[in-house]
Structures are given as C-alpha cells and as structure tokens.
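To start, the structure itself, in structure tokens.
Chains as they are written, first to last, in this note's numbering: chain A, 1 to 175; chain B, 1 to 160.
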C-alpha cells in the first residue's frame, strides 16, 4: 500500500512539472521556459550515458556474482581478507543502511571487526554502479582522486575500530 | 561530457559483444538486470533533474561561489559536511547535483566533502544503525567518517 503511494507520488511530481512547463510555453511564461531549458540539458546529459552504464552494471552482475565472493568471507585474513571485503562491497548497490544487514552476515561468518568496517567504508564509496555515475558526472580525475584518498582513510577507520572495540565485546544485532 | 558518454557507449557495446560470444544466455540475463535497475532509478532521477533545474534558476552562481567556492574556506567545508551528513539523498541522484555545483563554481574540496558525508555519514539513519551496532559504535563510526570526509575533501582539493 505504502509502495503504491510512493510510486504515484513520484509520477505526480513529474506530471505536475510537465503540466506547468506546457502551460509556460502556451502562455509565454519565461521562467518556466528557462527552467525547461536547464532540464533539457540535464536530461540529454543523463540519457547519453546512464542507460549504457546500466548495461555494464547488469553484465557485471551476471559475470561476477557477489554470492561467490561472499562464500569466501571470514576464512581469509590479512591483505587478502581486506581485498575480499572491498571487492564484495564494490559489487553491491543501494544506500548505506542496506549494508547493515550484510555487515551482520559478515559478522556471523566470522569476519574481523576491521574487515566489517572496511566493508562499510567500501560500500559507501566504491560501489561499481556509483563509480560509473561519478565518472559520468564528475569525470575520471575527480573519481580517481576521491577513491584513492578515501581508500586508505576507511581502512584506517577499520583498524581504529578493531583496536578500540577489541576488548569491549563488539556485536552486531540481527533486526 | 560528450567524450564521457562516448566512453560509456563504447565500453558497453564491447562488453556486450564479448559477453555475447562467451555466453548468450548470461548476456541476455545481464541486459535484463541492467534494464530493471535502470527502470528503478529512472523516475527518481528525472525528478531530481527537475528539482536541480528549478534550484539552478533561482540560486545565482555567485551565491554558490561565495558559500561553497574556493574562497569559502572552513565555512564552506562546514556547510558541505553538515548538509551532507543530515540529508538523505540517494548516491545516484547526488551526482547531477555535485556536477552542477562544480560548474557553478563550488570547489572540489567542498563537493568531495559533501559527497563523502552523504555516502558515509547518516544522521537520519542513525537510529537504525544504533539498532544494529549499538549506540557507542554507531556514533563513533559516524564521527570518524565525518572527520575522514573533511580530510578526503581537503586532499582531493589539493590533488585537483
């Protein structure tokens, strides 16, 4: 029920905008036309790369299924363990709160505290679909700079969390 | 921007071609998955483009330069970090906003900080996070990431 409402709300906003735009052109309302000019520019920008990005993401999803990586989590430690959680995070999609249930699974499977927080960091900032959009909108230079600076920082956050939480019986609750 | 689109088009065509040679069924499945994901984001994406078009019309670039530009200093950084921490904008949708901010004169430092807090710090989702990790850990994680976001912004600004 709530879902149907949300969907309709999204369409309402779009239809409302289109109606106002049509009216703007019919009655010569200049701000409306100018906003539509902006919108057209953004729309073209989006349509020229987003659909192609999703082709890449979809293919990635079938060739590199995250379930396969997930199987190995917990057994590996050291650099290999860190790499594995980062790769797993990169294969995900969605908002950060969607990563918490996965963090619970990692915890259950015996992943270290450090790796759980590295996972969250990588999930937030290195997901492949997001990197794609970032490259499209902000360019490869910005994306590379941001990623390369972020990576050591959230690995550091992982180490800090492990050091801090080691003797404080850390646990993740299932909701 | 057009160059960027070219890269995406060429890479997607190449990948589809290679994938198709390797496994037809898998390729179709992948394309279908991609299309589904695209459908999920298309409407929210259009809506945010409308919103950005509107805001861009109302907010003059000079205002963005003053508060988020290179000369905005710690104030601009603070605005970017706090707004990014509080708002809950899906990552996908935040990129057009970031791109407009840069085009209108915001600095790389403020935009990188804004993007990073948006992704890594969640004040709105904190209650949920507390349920999973407990109060102390959830707050600590957010505070650490908030600091990390500012450091990331400063470094990205230095590099670019």
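Quick reminder that beta carbons are idealized off the backbone N, C-alpha and C, glycines included. Note that the structure is a prediction, hence the values are computed from the model and not measured.
{"Asked": "Using a Cβ-Cβ cut-off of less than 9 Å, give me the residues of the segment 60 to 71 of chain A that come near chain B, in sequence order.", "Found": "60, 61, 62, 63"}
{"Asked": "Just mark residue 134 of chain A as buried or exposed, buried being the case when its beta carbon has 16 or more other beta carbons within 10 Å.", "Found": "buried"}
{"Asked": "Cβ of residue 79 of chain A versus every heavy atom of the ligand HEM: is any distance shorter than 7 Å?", "Found": "By its list of ligands, the structure shown contains no ligand whatsoever, and the ligand HEM lies outside what it can speak to."}
{"Asked": "Report the residues of the segment 97 to 108 of chain A with a CB closer than 9 Å to any CB of chain B, ordered along the chain.", "Found": "97, 100, 101, 103, 104"}
{"Asked": "Can you tell me whether residue 10 of chain B is buried or exposed, with buried defined as 16 or more other CB within 10 angstroms of its CB?", "Found": "exposed"}
{"Asked": "When Cβ atoms are compared, which residues of the segment 17 to 45 of chain A fall closer than 7 Å to chain D?", "Found": "Of the protein chains in the structure, A and B, none is chain D."}
{"Asked": "Expressed to the nearest angstrom, what Euclidean distance is found between the alpha-carbon atoms of residue 103 of chain A and residue 116 of chain A?", "Found": "6 Å"}
{"Asked": "Confirm, please, whether the CB-CB distance from residue 28 of chain A to residue 21 of chain A is below 8 Å.", "Found": "no"}
{"Asked": "Return helix, strand or coil for residue 65 of chain A, following the three-state DSSP convention.", "Found": "coil"}
{"Asked": "Any idea what DSSP makes of residue 4 of chain B, helix, strand or coil?", "Found": "helix"}
{"Asked": "Could you check how far apart the C-beta atoms of residue 114 of chain B and residue 84 of chain B are, in whole angstroms? I think they sit under 8 Å.", "Found": "4 Å"}
{"Asked": "Should the segment 152 to 171 of chain A be called in touch with the segment 136 to 147 of chain B, which here means at least 3 C-beta pairs below 8 Å?", "Found": "yes"}
{"Asked": "Taking C-beta pairs closer than 8 Å, name the residues in chain A that residue 137 of chain B reaches, listed in chain order.", "Found": "161, 165, 170"}
{"Asked": "Let me know the secondary structure DSSP gives residue 123 of chain A once reduced to three states.", "Found": "helix"}
{"Asked": "Would you say residue 96 of chain B reaches chain A, if we count a Cβ-Cβ gap shorter than 8 Å as a contact?", "Found": "yes"}
{"Asked": "Residues of chain B with CB closer than 9 Å to the CB of residue 130 of chain A, please, in chain order.", "Found": "91, 92, 95, 119"}
{"Asked": "Mind checking residue 30 of chain B: buried by the 16 CB within 10 Å criterion, or exposed?", "Found": "buried"}
{"Asked": "Taking the alpha-carbon positions, what's the residue 136 of chain A to residue 5 of chain B distance?", "Found": "7 Å"}
{"Asked": "Any beta-carbon of chain A closer than 8 Å to the one on residue 141 of chain B?", "Found": "yes"}
{"Asked": "I want to verify the contact list: residues of chain A whose CB lies under 8 Å from the CB of residue 144 of chain B, in sequence order.", "Found": "157, 160, 161"}
{"Asked": "Between which two residues does the alpha helix (DSSP H) carrying residue 162 of chain B extend?", "Found": "Lying before the first or after the last residue shown, residue 162 of chain B is absent from chain B, which here runs from 1 to 160."}
{"Asked": "Using 10 angstroms around the beta-carbon of residue 62 of chain B, count the other beta-carbons present and answer buried if the total reaches 16, otherwise exposed.", "Found": "exposed"}
{"Asked": "Do residue 57 of chain A and residue 132 of chain A come within 8 Å of each other at the CB atom, strictly closer than that value?", "Found": "yes"}
{"Asked": "I need the straight-line Cα distance from residue 46 of chain B to residue 164 of chain A, nearest angstrom please.", "Found": "44 Å"}
{"Asked": "Between residue 67 of chain B and chain A, is any beta-carbon pair separated by less than 8 Å?", "Found": "no"}
{"Asked": "Buried or exposed for residue 27 of chain B, please, with buried defined as at least 16 other CB atoms from any protein chain shown within 10 angstroms of its CB.", "Found": "buried"}
{"Asked": "Can you list, in chain order, the residues of its chain whose CB lies under 8 Å from that of residue 72 of chain A, leaving out five sequence neighbours each side?", "Found": "84"}
{"Asked": "Of all the CB atoms in chain B, is at least one closer than 8 Å to the CB of residue 58 of chain A?", "Found": "yes"}
{"Asked": "Closer than 8 Å is the cut-off here; do at least three beta carbon pairs connect the segment 88 to 103 of chain A with the segment 136 to 151 of chain A?", "Found": "no"}
{"Asked": "In chain B, which residues lie with their C-beta within 7 Å of the C-beta of residue 85 of chain A?", "Found": "Ordered by position in chain B, no residue passes the 7 Å Cβ test against residue 85 of chain A, which lies about 16 Å from the chain."}
{"Asked": "Taking all protein chains shown into account, decide if residue 106 of chain B is buried (16 or more other Cβ within 10 angstroms of its Cβ) or exposed.", "Found": "buried"}
{"Asked": "Does DSSP classify residue 94 of chain B as helix, strand or coil?", "Found": "helix"}
{"Asked": "Pick out the complete beta strand (DSSP E) segments inside the segment 38 to 120 of chain A, 3 residues or longer, and give them in chain order.", "Found": "none"}
{"Asked": "For residue 67 of chain B, which of B:111, B:150, B:121, B:94 has the nearest alpha-carbon?", "Found": "B:111"}
{"Asked": "Note down the Cα distance separating residue 60 of chain B from residue 97 of chain B, rounded to an integer number of angstroms.", "Found": "15 Å"}
{"Asked": "Just to confirm my understanding: we take residue 125 of chain A, look at its own chain, exclude 5 residues before and 5 after, and list those with CB closer than 6 Å. What are they?", "Found": "150"}
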